[in-house]
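Chemist: In my numbering, the protein residues as written are 615 to 717. Even glycine gets a Cβ: it sits at the ideal position worked out from N, Cα and C.
This is how it looks when you write it as structure tokens:
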């Protein structure tokens, strides 16, 4: 499964909807990434793809300091799953991969 690219995420949290952008790269067979949102850029850790299941962890400071764990199902250019922050209830996550215009 190919997951590299730029993904626009929408996260439905208890404090409202949060929009974020995640960039995923394959570097010599290892998935890496960075997330942009709420005025900050944070690296992703433990990025893994197992079949169509994509997972990663990230720490954010805005709108509050939390460690997030994402678990998503990949279906072509869409993502659906959850983000979990500690003891808080899981938040629904959806995502769409940005298409690159032809050169």
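When the Cα of residue 699 is compared with those of 688, 713, 684 and 710, which residue comes out closest?
Modeler: Taking the first residue of the chain shown as 1, we reach residue 699 at position 85. The option with the nearest alpha carbon to residue 699 is 684.
Chemist: Can you tell me whether residue 658 is buried or exposed, with buried defined as 16 or more other CB within 10 angstroms of its CB?
Modeler: By one-based count along the chain shown, residue 658 stands at place 44. The residue in question, residue 658, is buried, as its Cβ has 16 or more Cβ neighbours within 10 Å.
Chemist: Where do the N-terminal and C-terminal ends of the beta strand (DSSP E) with residue 625 fall, by residue?
Modeler: Residue 625 sits at position 11 when you count from the first residue of the chain shown. Its beta strand (DSSP E) spans residues 619–627.
Chemist: Whole angstroms are fine: how far does the CA of residue 712 sit from the CA of residue 648?
Modeler: Sequence index remark: in the chain shown, residue 648 carries index 34 (1-based). Sequence index remark: in the chain shown, residue 712 carries index 98 (1-based). Roughly 15 Å separates the two Cα atoms.
Chemist: Just tell me which of 632, 694, 643 and 703 has its CA closest to the CA of residue 669.
Modeler: What you label residue 669 is simply residue 55 of the chain shown in a count that begins at 1. If we check each option's Cα against that of residue 669, 694 comes out closest.
Chemist: Hey, out of 665, 616 and 676, whose CA is closest to residue 639's CA?
Modeler: As a first step, residue 639 is located in the chain shown; it is residue number 25 there, counting from the start. Minimum Cα distance to residue 639 is reached at 616.
Chemist: How long is the line joining the alpha carbons of residue 646 and residue 661, rounded to whole angstroms?
Modeler: Position 32 of the chain shown, counted from the first residue, corresponds to residue 646. Position 47 of the chain shown, counted from the first residue, corresponds to residue 661. About 6 Å.
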